[in-house]
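Chemist: Read top to bottom, the protein sequences are chains A and B. Quick note on this note's numbering: the first sequence kicks off at 254 and runs consecutively. Quick note on this note's numbering: the second sequence kicks off at 38 and runs consecutively. Below: one structure in structure tokens.
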Amino acid sequence: MYIIVVGGGRVGYYLTRALLAEGHEVLIIEKEARVFQGITDELGSVCLRGDGCEVATLIDAGTDRADMLIAVTGDDDDNLVACQVAKHRFKVPRTIARISNPQNEVLFKKLGVDVTVSATNIILENIETEVSTHPLTHLLMLGDRGLEIVDVKISPESTTIGKSVETLSLPSGSVLSLIIRRDNKPFVPGTNTVIQAGDQIIAVTPPESEESLRIALRGS
Amino acid sequence: MKIVIMGCGRVGARLASSLDIDGHQVTILDTDSYSFRRLPAAFGGSALVGNGLDGEVLKGAGVEESDVFVALTQGDNRNIMACQIARQIFNVPRVVCRIYDPLRQELYGTLGVESISSTIVMADLFKEKLEG
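Printed below as a string of structure tokens:
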């Protein structure tokens, strides 16, 4: 694949190295002379000096034949514009933007950026997973569908222990997909399945029902 | 009209002040409170410190109830992004931004973002003056 990376900072540099190692054709676009020189010295001629938001630079980069453009500068606005120009002017099939403000995820999707990667959200999710006291963990966002996959842990204090699944008042749109019980044996819960302490429940839910799902599964 | 302006540089401050004189309800945003020195003492609108790329800041500036949003910072991309937030997230009926880069301006015109390129306007004015 031909991949263009906008922004030659640390993220762009290491991303390019990894993509090159996977055998892709990669070009980094970097504005600053010093950074441009550093990349060229280390990786050879994989860097183009210029503004990755400018149509003229993107023409030089051969963007019309790119399979993917990844914008990883430190500024959300620059990443948005680079992706939009690539998408609308050069018809790049896949655009990916790094974002710092998690709120921008919704906007970027609306404006035609295919994938957003938020370091802030990734770190937050890791904290949730690592801190086991956290009762509900986000596993995966199914962006286009308005659904997410979550992991709810049943602690010994949960008031739902001993109740069957059919007696729980689950919010509409939320479905229990899997229960992982002792010895890590996963199974698909039925209406008669009884909740036990230590159960790990994987569920699909609309994000807005997350709180009611947590209460339905663990008691308030 | 209720107008929110992002960027209190020379153009932003002048526009805010003249719209205020015409009786519009103006709120002007800038990341640096020092920029507000450019507003005249008689300015009757509000001046708020904050980043217009942040949805919470825009809400605080009353963008949801505003009729017009104008982006006049030094950065083309900042202006473009703020205008798209105002339009797409907060449904502001009219958004206008300054875009220096003529090629970027042309593209965003096709994407429905109304803009003025000061580069083109100034160059044309100078040309007209010189050629008579």
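Using N, Cα and C, we set each Cβ at its ideal position, and we do this for glycine too.
At the level of alpha carbons, what is the spacing between residue 255/A and residue 323/A?
Modeler: Distance between the alpha carbons of residue 255/A and residue 323/A: 11 angstroms.
Chemist: Relative to the alpha-carbon of residue 39/B, which residue among 124/B, 100/B, 140/B and 49/B has its alpha-carbon at the smallest distance?
Modeler: 100/B
Chemist: Taking the alpha helix (DSSP H) that residue 312/A falls in, what are its first and last residues?
Modeler: 308-313
Chemist: To the nearest angstrom, report how far apart residue 390/A and residue 421/A are at their CA atoms.
Modeler: 20 angstroms
Chemist: So is residue 367/A in contact with chain B if we call contact Cβ pairs under 8 angstroms?
Modeler: no
Chemist: Residue 149/B CB to nearest chain A CB: under 8 angstroms?
Modeler: no
Chemist: With 8 angstroms as the threshold, decide whether the Cβ of residue 62/B is near any Cβ in chain C.
Modeler: Of the chains in the structure shown, none is chain C; the protein chains are A and B.
Chemist: What is the residue span of the beta strand (DSSP E) that residue 139/B lies within?
Modeler: Residue 139/B -> not in any beta strand (DSSP E); alpha helix (DSSP H) instead, spanning 139-147.
Chemist: Can you find a C-beta in chain B that's less than 8 angstroms from the C-beta of residue 370/A?
Modeler: no
Chemist: Considering only residues of the stretch 262-292 of chain A, which uninterrupted beta strand (DSSP E) runs meet the minimum length of 3 residues and lie entirely inside it, listed in chain order?
Modeler: 278-283
Chemist: At a CB-CB cut-off below 8 angstroms, which residues of chain B make contact with residue 314/A?
Modeler: Within chain B, no residue comes near residue 314/A; the closest Cβ sits about 14 angstroms away, beyond 8 angstroms.
Chemist: Spell out whether any CB of chain A is found under 8 angstroms from the CB atom of residue 121/B.
Modeler: yes
Chemist: For residue 45/B, which three-state DSSP category applies?
Modeler: coil
Chemist: With a threshold of 16 other CB atoms inside 10 Å of the CB of residue 331/A, please say whether the residue is buried or exposed.
Modeler: buried
Chemist: Within the stretch 42-95 of chain B, note down every full alpha helix (DSSP H) run reaching 4 residues or more, in order along the chain.
Modeler: 47-58
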